[in-house]
Structure formats: structure tokens, C-alpha cells
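Structure first, commentary second.
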Amino acid sequence: ESVDHDAEDIVIKDWWSATSMMAKGWQSLGVGIGNRANPRNDLRDLQESLNAAHLLLRDDIRYWYGPYGDVIFNGTEIVTEIMQSPSALSIDRIKRRMKRKIIEAYLERQKPPSKRDNITYTWVTGGNSIAAGHGNLMSQSYTAVVDRALEPVFAALGVQFQTKLRAYSGARSAPEISLCIDALFGNDIDLLAWDYGMTDGGRTADVWMYRFFANRAGLLPTSPGILMMGGAAQRDIHDELEKQGQAVISVGDVGALKQRMPDSTTANPDSLPPALRYYICKGQAENNSPCNEADIKFNTTECHGDVRGKTGWHSGWKENMFRGCLYATFLANLLRDSVEELLGNDSIGQP
């Protein structure tokens, strides 16, 4: 069946669900948040629902990326090579939190419907204008992409996935943000994304801000895992943070993934899927003509009036889509691993 990849026909106000097979299909899995009155209580049934949600996520990625989607977003490669941590402890800690959520949701479903509480998994993004998605619609930020992609995946297990975008133009992670972290981000956080690389700086002398931020995050009641985006100097303190008991993940070099994408200056752009059309030009993403031209890099036609922030240093919608799909694939694979480990009675790991 042919698919119309004309990006101009996308309804921006409903950015994901207007073209998403997932939005039409995930409710049929049988265990969504709104379907708790008749839950599937057996963990193996939940695993089947989760696998079905994974397939719908892959279908969505294939819509945006066509045949390139499977080779770009290889879950095993992303977990083991792209997302980096000092040791397996950090990944184990993230999965252990997921296992707890799965068990808590299971126990809630044993209660009468009127007495059940929502079990949530909360992602919070802290960062600067790049993290905020300036130049784009808020629905095009990578945080919004993660939200739409993972909501049905977690819902397959009865867990409500939610995101909060708390990024501000020109913000640095310390001292003000760190000192007020609970007031700005909340106390109930499972994964905290740090995206202050451009504003904090990459010098060794600047690392104190990230250390301050991470230590303050560790004092929150939920002691969230930290997903650090960019910053080689900041990565150097991850051993220290992990030894303190935190889960710390850094996003590694994604250049190898982008090398698998077609170049719009050598391939026919009109033949490419929406998220790859005019994304890579002369070997770089959104950085050479015509990929870096504002009317190609950004797509805000559904907004009345112009959207501010369409600058060279802000990511366009395709870069945000790439990052959102990358992070969503990472967490979706860890969630599946968590269920498989629970089924194998391998749920007790190191502290």
C-alpha cells in the first residue's frame, strides 16, 4: 500500500496522531489506562500487549523514516552503544524502577476500580532554548515526540507515561535552576533529562554546574535517573555519580546513525519519507543548504503568525523528531527488557 509522504499535508496541531497508526491502533491492546475495569492480570498477557505496542511504535517510525527506520533506530544498538553509562548499574537501576512501576500497576488492578490510583512514569526535560524547541511548535519538541511515542507503550502495562517540558531560553543548570529544582520540576520524577550543553559550556571549569544539578536531583524523593545530552566534560563525573547511587546515562555520538540516512543533495528529496526529506545535506543534518533554510528546516504553517526562534542554532522539526524517536526507542527497549526479566524471576539486582 502506498503512503503519501507529503509533509505539507501534515496537520501540525495534531502532529503525531494525524498520521499515526499507533493512535488508531493502541486502544485495541486491551490494557490501556482507560481500560482498567477489565485488566489482563497475567504478566505474560501484559507482555503480549507490550509487544503489540512495540510493533505499533515501529510502524510509526516506519511512517516517518520509511525503510530507513529499522536501521536507524535499532533498539539493541541504541541501548548498548549510543546510550552510555559508567557500568551496567545505571541501566539496571532504570530497569528496576520500571519493574517497580509494573508491579505497582499490577497490584492496583487487583483493587476495585473506584479505589485504584494511577501509577505514573514521569520524564522531565530541563534545558535551554534548544531543549524547549524554540523555532518550532511545542508539539514538535523532542519531549512531545517522546510523550506521544511512549504513552501507549507504557499504557500496555497499565502505567501512565507523562512528560514535563521545563526548558527556558538561555538557562544554565546552576545555581538557580539547581537550587529550585523541586519547585521548577516537581518532586515525582523518574527520568530527568539534562540538556544545558550549549549554555553551561563544555570546559572542565564549567562542570560544577552539572555536578550541582545532579546532586540536587539526587536529593529529590524519587532520586530520578539522569539522561545527560551532550557535554564530554560533564560525562567525566558519571563514575562519581553512579557510585553515589544514581543512574546516569549520556547520549553518545549519533553520527553513525545519521550516516545511514540519505543525503537530499544526492538523492531525490521528493522520494524520501517526511522526516528524511531535506534533513541531511552534504553530509550534515540541518546545517547546509537547502536543509538549513528556515522554510525547510521549520514547519509552523499551522500557526497563525510567525514563530520566533528560527535561528541556525535551534533544531528544526526533523532533528527534534530524530531525537524523540531515539530516546523513545531506548526507553521502550528497557521496558521490554524489564518485563522479560520479571518473567524470568531476574528482578533482584544490585542496589
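For the sequence shown, my numbering gives the first residue as 760, with consecutive numbering after it.
Heads up, the beta-carbon is just placed ideally off N, CA and C, and yes, glycines get one too.
Please read all numbers here as calculations on a predicted model, not as lab measurements.
Please name the residue, chosen from the options, that lies closest to residue i on a Cα-to-Cα basis.
{"i": "C1084", "options": "S937, D818, R803, G886", "result": "D818"}
{"i": "S846", "options": "L979, W1076, E1001", "result": "E1001"}
{"i": "G825", "options": "E1099, P1033, P980", "result": "P1033"}
{"i": "V830", "options": "S1023, L1090, A1015", "result": "A1015"}
{"i": "G917", "options": "N877, L950, G885", "result": "N877"}
{"i": "P911", "options": "D1022, L815, D1065", "result": "L815"}
{"i": "N974", "options": "D959, S1009, M957, P934", "result": "P934"}
{"i": "D1022", "options": "F913, D998, S1048", "result": "S1048"}
{"i": "S928", "options": "T1070, N1092, G1103, A1091", "result": "T1070"}
{"i": "G828", "options": "L1031, Q1003, G1068", "result": "L1031"}
{"i": "D906", "options": "G894, Q899, Q921, L896", "result": "Q921"}
{"i": "A1053", "options": "G1042, Y1037, A991, Q1043", "result": "Y1037"}
{"i": "L1090", "options": "Q899, E836, Q1003, R868", "result": "E836"}
{"i": "L951", "options": "M1020, D941, F832", "result": "D941"}
{"i": "Q919", "options": "F1081, V1010, F832, K860", "result": "K860"}
{"i": "F1081", "options": "I1039, R1067, G1103, S1097", "result": "I1039"}
Between which two residues does the beta strand (DSSP E) harbouring residue i extend?
{"i": "S1009", "result": "1007-1010"}
{"i": "V883", "result": "879-886"}
{"i": "A754", "result": "Since the first residue of the chain shown is 760 and the last is 1110, residue 754 is not available in this structure."}
What does the alpha-carbon distance come out to for the pair residue i and residue j?
{"i": "E1045", "j": "E807", "result": "39 Å"}
{"i": "L1094", "j": "M857", "result": "7 Å"}
{"i": "G961", "j": "A1087", "result": "26 Å"}
{"i": "N1079", "j": "T963", "result": "28 Å"}
{"i": "E1100", "j": "A976", "result": "28 Å"}
{"i": "V790", "j": "L805", "result": "Any reading at V790 must be qualified, since the residue scores a pLDDT of 41, below 50, and its modelled position is unreliable; the value itself is stated next. Going by the C-alpha atoms only, they are around 8 Å apart."}
{"i": "G834", "j": "G945", "result": "30 Å"}
{"i": "Y822", "j": "N1092", "result": "20 Å"}
{"i": "Y969", "j": "C939", "result": "14 Å"}
{"i": "D947", "j": "V904", "result": "21 Å"}
{"i": "Q1018", "j": "A914", "result": "33 Å"}
{"i": "I1055", "j": "S932", "result": "31 Å"}
{"i": "W1076", "j": "A908", "result": "15 Å"}
{"i": "D954", "j": "I850", "result": "20 Å"}
{"i": "D1012", "j": "S873", "result": "48 Å"}
Taking residue i as part of the alpha helix (DSSP H), name the residues at either end of that continuous run.
{"i": "Q806", "result": "802-824"}
{"i": "D954", "result": "Not the alpha helix (DSSP H): D954 falls in the beta strand (DSSP E), residues 950-954."}
{"i": "T1060", "result": "No alpha helix (DSSP H) holds T1060; DSSP gives it neither H nor E."}
{"i": "F1081", "result": "1076-1102"}
{"i": "T902", "result": "901-914"}
{"i": "A964", "result": "No alpha helix (DSSP H) contains A964, which DSSP labels as neither H nor E."}
In the DSSP assignment, what residue or residues form a beta bridge with residue i?
{"i": "Q993", "result": "DSSP lists no partner for Q993."}
{"i": "G984", "result": "L950"}
{"i": "Q843", "result": "S1009"}
{"i": "L848", "result": "Beta-bridge pairing links L848 to no other residue."}
{"i": "Q1043", "result": "C1040"}
* Would you check if the segment 974-991 and the segment 849-866 touch, i.e. whether three or more CB-CB distances between them fall below 8 Å? => Taking a contact to require three or more Cβ pairs closer than 8 Å, the segment 849-866 and the segment 974-991 qualify as touching.
* **Stretch-stretch touch, CB-based, cutoff 8 Å, three pairs: the segment 868-882 with the segment 1055-1070** => No: fewer than three Cβ pairs fall under 8 Å.
* Flag this pair as touching only if the segment 889-896 and the segment 993-1007 have three or more C-beta atom pairs under 8 Å; answer yes or no. => By the C-beta criterion, the segment 889-896 is judged not to be in contact with the segment 993-1007, since fewer than 3 inter-stretch pairs fall below 8 Å.
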